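To start, the structure itself, in C-alpha cells.
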Ligand SMILES: Cc1cc2nc3c(=O)[nH]c(=O)nc-3n(C[C@H](O)[C@H](O)[C@H](O)COP(=O)(O)O)c2cc1C
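Numbering (the working numbering), first residue to last: 1082 to 1251.
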C-alpha cells in the first residue's frame, strides 16, 4: 500500500482472530523496527516477542485486564534500555533518548504490520513490574509500549483528530 493510504486506514484494533501470524511476517515487522532511527544510532531499546498464552495472560493482568493482549497471537514489548543510550548521552540519553528510540521502533513495527495486512493497538496502560515478571524482562529495562499483533476481528471507525490549525503553531 502507498504510505498515505496506509496511515489513513490504520486503526487501533482491540478484537483479534485466533489465526497465527506467519513467521515471515513477524520477521519483517521486527526488521522494520530495526530500521527505525535512534539517537546516535545506539538503538537504546530491546524488543520482547511474547507468544506463549500463559505469558500473554500475564500481560492482560499487568495491563488492567485488556483481554486483547491474550487474544492476539503475538505481543511485542518495546523496552527502553537506558544504559545503552547513557553511554554517549548520559542523563539525556538515560531519561529521554532511550524512550524515544523504543517508541519510534514501535511505530515502525506498527506500520509494517499494517502493510502486511495485520492489525495492532499501542498499549501504554500497564504496570511496569508485572509486565517485567510476565515476560521475564530484567529490572534495568523499562517497558514502554506493548503492541499486540494479529488479524483483526473488527473494523473500527476512524477516530477524530485535532484540526491542524489547533496543533500547528507558527
Ligand atoms: C502512548 C499511547 C498509549 C496507549 N495506550 C492504550 C491502551 O493502553 N489501551 C488501548 O486500548 N489503547 C491505547 N492506545 C491507543 C489509542 O487509544 C488510540 O491510538 C487512539 O484512540 C486513536 O485511535 P486510532 O489509533 O484508531 O487512530 C494508546 C496509544 C498511545 C499512543
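Ideal Cβ positions, reconstructed from N, Cα and C, are used throughout, including at glycine.
Bear in mind the structure is a predicted one, so any value in this text is a computation, not a measurement.
The beta strand (DSSP E) runs of length 3 or more contained entirely in the stretch 1116-1148 are, from start to end of the chain, 1126-1131. Per the Cβ contact rule, the stretch 1211-1220 is not in contact with the stretch 1185-1197 (fewer than 3 Cβ pairs under 8 Å). In the three-state reduction of the DSSP assignment, residue 1233 falls in the strand class, which pools E and B. Put simply, the backbone Cα of residue 1131 is about 26 Å away from that of residue 1120. If you look at residue 1085, you'll find it in the alpha helix (DSSP H) that goes 1084-1090. The way I'd put it, the stretch 1090-1102 doesn't touch the stretch 1163-1176; fewer than three beta-carbon pairs between them come closer than 8 Å. For residue 1104, the secondary structure class from DSSP, reduced to helix, strand or coil, is helix. Here the stretch 1238-1249 does not lie against the stretch 1214-1226, with fewer than 3 beta-carbon pairs under 8 Å apart. Here residue 1099 is exposed: its Cβ has fewer than 16 other Cβ atoms, across all protein chains shown, within 10 Å. Residue 1226 has its CB nearer than 8 Å to a heavy atom of ligand 1. The closest heavy atom of ligand 1 lies less than 8 Å from the beta carbon of residue 1205. When DSSP reads this structure, residue 1228 sits in a beta bridge with 1157. For the pair of segments examined, the stretch 1193-1200 was found to touch the stretch 1106-1118: the number of CB pairs separated by less than 8 Å reaches three.
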